[in-house]
Amino acid sequence: MKLELRHLEALCSIAETGSIRKAARHLGMSQPALTNQVRRIEEALGGKLFSRDQHGCRPTPLGQAVLGRARPLVAQMGTLLSEIQATAARTPENTLRIGATANRALPGWLRRLRSRFPGRPVSLHIDAFAQALAQDLARGQLDIVFVHEFEAAATRMAGGLGSWTLLEREPQFIALAVDHPAAASPVVDITSLAQDHWIIDTADDGQLAGVQRALLSAGINPSLLQADPHAVSTVVATGGAVALHCPVADHGDELAVRPLRDDPITVRLQVYGRPGTEMTSICADLKSAYREAAFRSPLYRAWLSEHGNPLDRRHGVKS
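Numbered according to our numbering, the sequence shown spans residues 8 to 326.
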């Protein structure tokens, strides 16, 4: 069983009310349904979370430990939802609402869109999780989303959306410490990194599956670590691990970034839009902005030249 926010909300409600019956009423569900949900949570965690007697429900030591972590998360989510609702209330009706995973092309894209639609506000919401953006698009909270998708973790989108592919296969380069032996080569073979630790960005919901798939295909099984994105470059720079590197991202002088031979790890850069969104012109501006960002990197510019520059290929919007 995978714990979700609603499960944490249920546990907090039981602790606050001291009763499964009262918590069920507060949550808008039946008492038997909440009782079964608590039982499944306890089975997943391997212990009792509440002791039950004639006075109601009281947290066990394990329950107190779980609640100590759950309460701040539930409170933060409540604050976030309030902020989103307040922002939505201030957003003009004709705003072009864009969602995206982080990408160096975004500033140039927004600049072009604001020039193209001078009388129309443009808002940007960035989320590390493509699936969260997909849900916001399906709910009507966004008009268009730009995401990167690892082959093993495609974004699940609702039907009836327009779609457009910026790049079918954007290469993922490898970041190494500057004194790593493999950094002496202009191109790195993935099998030469079999003895390295690979560090995975926990904020990227598809990276783990994408890396595992590529390593399995290459016949190697290195150690995989997971870390906050802010820690990844520091760990790599100290020689503690290697990591994927987006080709349009900056890396500075503390890292060596190299292409992987035969591009074993790639992502698809994809745009999805709600019906009625001006996809053709919006996507044309994104392509121009991405090209601008890509050509600022000598390494990526060389890769694009060697591979016939897939950015020159024409793609149509599908609906």
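Positions of the beta carbon are idealized from the N, C-alpha and C atoms, including for glycine.
- The beta carbons of Trp205 and Val274 sit about 16 Å from each other, so the pair does not count as a contact at 8 Å.
- Relative to Glu156, the option among Leu311, Asp211, Leu231, Ala234 whose CA is nearest is Asp211.
- For Arg47, the enclosing alpha helix (DSSP H) has its first and last residue at 38 to 52.
- When the five nearest sequence neighbours on each side are left out, the beta carbons in the same chain lying within less than 8 Å of the beta carbon of Val194 are those of Arg265, Pro266, Leu267, Arg268, in order along the chain.
- Bounds of the alpha helix (DSSP H) holding His14 are 12 to 24.
- Just measuring C-alpha positions, the residue of Ser224, Arg176, Val242, Ala225 sitting nearest Asp208 is Val242.
- Per DSSP, reduced to three states, the secondary structure at Ala184 is strand.
- For Leu215, the enclosing alpha helix (DSSP H) stretches over residues 214 to 225.
- Pairing Cys64 with Gly85, the inter-Cα distance amounts to about 24 Å.
- The three-state secondary structure of Arg308, taken from DSSP, is helix.
- The stretch 288 to 308 and the stretch 210 to 228 do not touch, with fewer than 3 CB-CB distances between them shorter than 8 Å.
- For Gln142, the enclosing alpha helix (DSSP H) has its first and last residue at 137 to 145.
- Ranked by how close their Cα comes to the Cα of Tyr307, the residues Gln277, Arg111, Ala72, Arg28 have Arg111 in first place.
- Gln38 and Leu80 have their C-alpha atoms some 24 Å from each other.
- Ranked by Cα distance from Asp150, the first of Gln138, Ala72, Leu168, Thr162 is Leu168.
- In the three-state reduction of the DSSP assignment, Asp270 falls in the coil class.
- Burial check for Thr287: the Cβ neighbour count within 10 Å stays below 16, so the residue is exposed.
- Rounded to the nearest whole angstrom, the C-alpha separation of Ile27 and Thr42 is 7 Å.
- Of all alpha-carbon atoms in His14, Ala263, Thr284, Val255, the one lying nearest the alpha-carbon of Leu311 is that of Val255.
- Our two residues, Arg281 and Asp319, have alpha carbons roughly 26 Å apart in a direct line.
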